[in-house]
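>
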Amino acid sequence: MKLDSKIPNGPIDKKWSDYKNHINLVNPANKRNIDVIVVGTGLAGGSAAATLAELGYNVKAFCYQDSPRRAHSIAAQGGINASKNYQGDGDSVHRLFYDTVKGGDYRAREANVYRLAEVSENIIDQCVAQGVPFAREYGGLLDNRSFGGVQVSRTFYAKGQTGQQLLLGAYSAMNRQIGRGKIQMYNRHEMLDIVLVDGKARGIIARNLINGAIERYSAHAVVIATGGYGNVFFLSTNAMGSNVTAAWKAHKRGAYFANPCYTQIHPTCIPVSGDHQSKLTLMSESLRNDGRIWVPKKLEDAAAIREGKLKPTQLAEEDRDYYLERRYPSFGNLVPRDVASRAAKERCDAGFGVNATGEAVYLDFAAAIDRYGKEQARLQHLNENDAKVVYKLGKDVVENKYGNLFQMYEKIVDEDPYTTPMMIYPAVHYTMGGLWVDYNLMSTIEGCYVLGEANFSDHGANRLGASALMQGLADGYFVLPYTIGDYLSKDIRTGAIPTDLPEFDEAEKNVKGIIDHVLGNNGTHSVDYFHKKLGKIMWDKVGMARNAQGLTEAMSEITALREEFYKDVKVSGTADSFNQELEKALRVADYLELGELFAKDALHREESCGGHFREEHQTEDGEARRDDENFAYVAAWEYKGKPSEAVLHKEDLVFENIKLVTRSYK
Amino acid sequence: MAKSALLKSSIGKKYWMALTGLFLCVFLVGHLVGNLQLIFGDASAFNEYALFMTTNPAVKILSYLTYLSILFHAIDGIVLTIQNKKARPIGYAKNNASSNSAWQSRNMAVLGTLILIFIATHMTNFWAKMHFSEMPLQSEIVNIQGQELEIYKTVQGQPIPANAVQMGQVEIKGTGFYETGSDFKIADGYKDLHKITIEFFKDPAYGLAFTIFYVFSMIVLAFHLLHGFKSAFQSLGANNPRYNGLITTVGNGFAIIVPLLFAIIPLYIYFVK
Amino acid sequence: MNLTLKIWRQKNAKDKGQMVDYKINNISPDMSFLEMLDVLNNELVEKGDDPVAFDHDCREGICGMCSLFINGEAHGPDRGVTTCQLHMRMFKDGDTIYIEPFRAKAFPVIKDLVVDRTAFDKIQHAGGFISVNTSGNTQDANAIPVPKHDADRAFDAATCIGCGACVATCKNSSAMLFVSAKVSQFALLPQGKVEATERVLNMVEEMDNLGFGNCTNTGACEVECPKGISLENIARMNREYLKASFR
């Protein structure tokens, strides 16, 4: 099958409005006869479900959590971008578009990104109308801050809980429709397969997590908005339950998986403390607005700190290496995430790490506290040379901005970040790759739409901070409702899809087969044992820096681990009850396949771009070396029975509005 | 369509709890002022107060409001408690409630029940007697030209010598002094609640027990008020960081001072009078 | 650290359930409480026993999925944290720890420590929203200035994670703190005022119907709330309800 991205013709700034003007619509009376399944209730799924129901479709929404409000979008901290230019600092749709394409290292589709930038303003309007309490200035207008990789302040935020507030906004829009009966909400249900009838997505098989029942649901279209697959690394900032199963099952049924190797390693997370660790905690990128990142300049100082003989605060200014400010003077601590992460790894690999494991750098707020303190002292006519007064005032400002993050850090690490610099280290955070979709957000399965982090579309090889929330809501509120209408306009006479078709039988049998296998296996190791092993392979060989040898090894190791899993995994409990071990087993089974495709994709991409860094392809000073001549394409993989045998399809990326240059933040 | 349910809804019930509770606080103050006559006034002052309380029409209305409030407060409280118990059919094996809330706030129903028992006995002992049973009328010994003479005090002011009653010229029907054999009322006497009260607490057999029971009940009341006073403001929506300190201070002061003064009265009678 | 755990085990909603003792050794004080339970579960699975079911997801204190009544307190002895942020350094070697599900009639047990909190969702369906359609034509976000003070207080109320600790803690299993947080968020914003009357009446009616108890102002919810939602919100809802009743 040839990939057709279905990008409308015309100049880039007219494409979306022209498209909207010429699509087919479904009249309100017919919408009542059309069902849509939405899997996942995060920002993308929640906003899509609410909007489709508002329009009049019958929506069936699914989430594995006990309430749609708990989807992991809730954990996004820093903010959401929009080209409102409220600060008058030169922002515009074009600049947001440009920054996003550049930030993505020129591996995103121009038309999609432009549309994203265009609707970004509507998102803020919509959210404010819904009652999302964004941060405001004293004049009552919305406040902004700036994020990595850009030179304007376009990020709207609600303290360190922006994702929570936006998700609760989408959740409230859903609640309105659930109350009206337009959304049938299925909490604690997990999609385990997608059902195709005559090549079109017409339903799903889901497991009721409370009683284990395998249930069939039909619809005229299926929307997958199930987030990313960062948990393939076991340790990530994703929620424990975040999984690739829905997307992977769609992949196995014909949806191409695009760019699986593009993974964002977030530079500011709390470092790993031991083997018991189940999850990594992010510290918002917004901290880099005020925090300065450093390690000791001398190896002996780093060693002394690691052994606890020296405190970071004892180190003189000239003995500190503010390596981001040194290497990237124009962006400093606000370089994009991939750059910041690699720089931290480089320093730690060179022996400058500052915690017991040697994998941590400092994020220091002393300078910010001092700067804010002096400013406040002047404003309040106090003595700006009195260190105590300045510290107190400065601390108050920092606390007001980042209080909840500092508190979270202190609870986890048991150290006061106001007095001792925070320790941070990169961690897996977001996956830019995902199911391939066209301009309409439809995958290569007809009628199967993919939104948000689950698709590959807008961030290229690296996502800028505060853009994930923007994309999720753009897809769900403003893009899908149009594009899916065009598709469904052909289905107004189809009538309800029955669930007793042989296609449903086959899919259900498939699901029951794997459940019976893992339950009857009676092996020796728990699911976590395998998941941790997979995570280690991924982190060591498919992590922040990759090379051909490691990737080849990773592929065969994962294959072997997968075979071992099916032979030796032990899952207790029964199929027809609440069984969290079984839930995990089904998810890890899919990660064990995805991991291999991930490595295969990384191996084939002989260049460094964004979150994908191949050691073979770097400049002399360690910067990524992109290969636009040979790799300016989307790698979309078709499933052929085994991940290792996946077939590559290329969607060439055409840049008509932005000139490809070497990304530089120096 | 949503309907307001000022009686049925959980919040509505709380308004009534708060309003009746606050009204009863006002009543407590009035009651206390009168009772303090037992310490600071003489028998006449106290009996005059008692008569005023039982006959004044305005006071009558207030007193009916008080009875209603007590009744409503109690019934509402019982309903709330039953609902609250039902809301958690299976309790915790371990509950460390003292770490997050004050003891009295968790035991308002128990405290309230004890207060209700107290009110019942208190009303039987004094209020019922005052209203429904034959009571001695207030008399005093005066010294007229070197001669000790017992006379009844009357509302109209003109005294009636006790020997007139003893000799059969005047007869007492209820609280009235009548010409014997006729319906002609000469004057109204004062029910001697003062005497009844003193004798109650001075009772050789039970006086101490009564005193202890009264003091105990006032401690119970204090705890009830300690939570109830400020809780009423919260229920009515008055919670503002600017005034919360004031409400708490006034509430705590009220909860301690009012029951303390009430408790001092039986103690004073038992130990001092 | 070596610990004794007393954990509520209940096979399903119909099972009677009971407390069961477990011994667990070599627990690091740096572990989170849930990681300690992971260790226990791994041991149980490898022995072939049924692991303890408990809700959890984000493990960074924001999704509100984790619950647990630990040693007599919702989310355990620490303040301002959810169970996933509770660390074992809060306990001592040799401690006995009681672990029970959140208890309320409106939160029936599904299995072991997992309870059904959909009652919270139902309250939100009754009015936890502003009726605005997604059109892309709503007025500009800066068209209505909102005083920073109001916006901040609306945000504070909106930080509720819907975990149910307030209900679990309240001796009456009252949901007032949860409901009032949502009512307050919208009551404080001009966008929410339009529907304020209907919202508070509907949400309170639904809350009462679902079998939650009545608020008696003990203040326990505020103390145990991992997000520090203030009792002021309950007072504000009391005002809103009164206002709405006379409208």
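Just so you know, the protein sequences line up as chains A, B and C, in that order. Residue numbers for the first sequence follow UniProt numbering, so the first one is 1 and each next one is one higher. Residue numbers for the second sequence follow UniProt numbering, so the first one is 1 and each next one is one higher. Residue numbers for the third sequence follow UniProt numbering, so the first one is 1 and each next one is one higher. Virtual Cβ for every residue (Gly too), placed ideally from N, Cα, C. Remember, it's a predicted structure, so these values are computed and weren't measured experimentally.
Taking C-beta pairs closer than 8 Å, name the residues in chain E that C/Asn209 reaches, listed in chain order.
Protein chains A, B and C are contained in the structure displayed, whereas chain E is not.
> Determine which residues of the stretch 91-111 of chain C have a Cβ less than 8 Å from any Cβ of chain B, and write them out in chain order.
Against chain B - using a Cβ distance shorter than 8 Å - the residues of the stretch 91-111 of chain C are Tyr98, Glu100, Arg103, Ala104, Lys105 and Ala106.
> Let me make sure I understand the geometry here. Which of A/Ala454, A/Ile293, A/Asp458 and A/Ile123 has the alpha-carbon closest to that of A/Val39?
Closest option to A/Val39, Cα to Cα, is A/Ala454.
> With the cut-off set at 7 Å, would you say B/Gly69 and B/Phe40 are in Cβ contact?
Looking at the sequence provided, one finds Ser at residue 69 of chain B rather than Gly. Cβ distance not < 7 Å, so B/Ser69 and B/Phe40 don't count as in contact.
> Determine, using beta carbons only, whether A/Leu519 comes closer than 7 Å to chain C.
No, no contact with chain C.
> Alpha carbon to alpha carbon, how far is A/Ala135 from A/Leu473?
Approximately 19 Å between the Cα atoms of the pair.
> Anything in the stretch 42-66 of chain A with a Cβ closer than 8 Å to a Cβ of chain C? List those residues in chain order, please.
Within the stretch 42-66 of chain A, the residues whose Cβ lies closer than 8 Å to some Cβ of chain C are Ser47, Ala50, Thr51, Glu54, Gln65 and Asp66, listed in chain order.
> Using a Cβ-Cβ distance cut-off of 7 Å, determine whether B/Gln104 contacts chain C.
It does not: the Cβ of B/Gln104 has no partner Cβ on chain C nearer than 7 Å.
> Could you give the distance in angstroms between the alpha-carbon of A/Ile558 and the alpha-carbon of A/Leu594?
Computed Cα separation, rounded: 10 Å.
> Could you tell me which chain C residues have their CB closer than 7 Å to the CB of A/Ile281, listed as they occur along the chain?
Strictly speaking, residue 281 of chain A in this sequence is Thr, with Ile absent from that position. What A/Thr281 touches in chain C: Glu60.
> Is A/Asn81 near A/Met470, with beta carbons less than 7 Å apart?
Yes, they are a contact pair.
> Using alpha carbons as the reference points, say which of B/Gln234, B/Ala263, B/Pro161 and B/Gly237 lies closest to B/Asn35.
Of the candidates B/Gln234, B/Ala263, B/Pro161 and B/Gly237, the one whose C-alpha sits nearest the C-alpha of B/Asn35 is B/Ala263.
> Output, in chain order, the set of chain C residues within a Cβ distance shorter than 8 Å of A/Glu623.
Per Cβ cutoff of 8 Å: no residues; A/Glu623 is ~32 Å from chain C at best.
> Buried or exposed: where does A/His604 fall if 16 or more other Cβ atoms within 10 Å of its Cβ makes it buried?
By the neighbour-count rule (16 or more Cβ atoms within 10 Å), A/His604 is not buried but exposed.
> Please specify which runs of the alpha helix (DSSP H), each continuous and at least 4 residues long, are wholly inside the stretch 16-51 of chain A, giving them in chain order.
Runs of the alpha helix (DSSP H) inside the stretch 16-51 of chain A: 28-31.
> Residues of the stretch 169-184 of chain C in Cβ contact with chain A at a cutoff of 8 Å, in chain order, please.
Going along the stretch 169-184 of chain C in chain order, one finds no residue with a Cβ nearer than 8 Å to chain A.
> I'd like to know whether the C-beta atoms of A/Asp338 and A/Leu116 end up nearer to each other than 7 Å.
Result no, Cβ atoms of A/Asp338 and A/Leu116 do not sit closer than 7 Å.
> Hey, how far is the Cα of C/His149 from the Cα of A/Ala75?
Spanning the two alpha carbons is a distance of roughly 25 Å.
> Mapping the DSSP letters down to three states, classify A/Glu137 as helix, strand or coil.
A/Glu137 falls in the coil class under three-state DSSP.
> Alpha carbon to alpha carbon, how far is A/Leu280 from A/Thr552? Give it in angstroms, no decimals.
Distance between the alpha carbons of A/Thr552 and A/Leu280: 27 Å.
> Extract the residue ranges of the beta strand (DSSP E) inside the stretch 317-350 of chain A, only unbroken runs of 3 or more that lie entirely within it.
Runs found: none.
> Starting from C/Ser131, follow its DSSP beta bridges and name the residues at the other end.
According to DSSP, C/Ser131 bridges with nothing at all.
> Determine the burial state of B/Ile75: buried for a count of at least 16 other Cβ atoms within 10 Å of its Cβ, exposed for fewer.
With fewer than 16 other Cβ atoms within 10 Å, it is exposed.
> Using a Cβ cut-off of 8 Å, pull out every chain C residue sitting near A/Ser577, in sequence order please.
Those are Lys11, Asn12 and Lys111, listed as they occur along chain C.
> Does DSSP put A/Ala239 in a helix, in a strand, or in coil?
Correct three-state label for A/Ala239: coil.
> Leaving out five residues before and five after B/Pro136 in sequence, what residues of the same chain have Cβ atoms less than 7 Å from its Cβ?
Answer for B/Pro136: Asp192 and Lys195, listed in chain order.
> Under the three-state reduction of DSSP, which class applies to C/Thr4: helix, strand or coil?
Here C/Thr4 sits in strand by DSSP.
> Over the uninterrupted beta strand (DSSP E) stretch that includes B/Tyr268, give me the two end residues.
No beta strand (DSSP E) holds B/Tyr268; the alpha helix (DSSP H) holding it covers Pro241 to Phe271.
> Between the alpha carbons of C/Ile27 and A/Asp528, how many angstroms are there, rounded?
Answer to the nearest angstrom: the Cα atoms are 18 Å apart.
> Ordered along the chain, which non-local residues of its own chain (more than five positions away) have a Cβ less than 6 Å from that of B/Met1?
Interpretation of B/Met1 is limited by its pLDDT of 40, a score under 50 that renders its predicted location unreliable; no figure is taken from the coordinates.
> Please state the DSSP three-state secondary structure of B/Thr211.
Reduced to three states, the DSSP call for B/Thr211 is helix.
> Distance cutoff 7 Å, beta carbons only. Does A/Leu353 sit that close to anything in chain C?
It is worth fixing the name first, because residue 353 of chain A is Gly in this sequence and not Leu. No, A/Gly353 does not count as interfacial toward chain C.
> Return helix, strand or coil for B/Ala187, following the three-state DSSP convention.
It is a strand residue.
> Compare the Cα-Cα distances from A/Ser17 to each of A/Val119, A/Leu324, A/Ala554 and A/Val413 and report the closest residue.
Ranking the options by Cα distance to A/Ser17, first place goes to A/Val119.
> Could you check if A/Gln580 is buried or exposed, using at least 16 other CB atoms within 10 Å of its CB as the buried criterion?
Buried is the call here.
> Against chain B, which members of the stretch 14-29 of chain C pass a CB distance test of less than 9 Å?
Under the 9 Å Cβ criterion, the stretch 14-29 of chain C contributes Gly17 and Met19.
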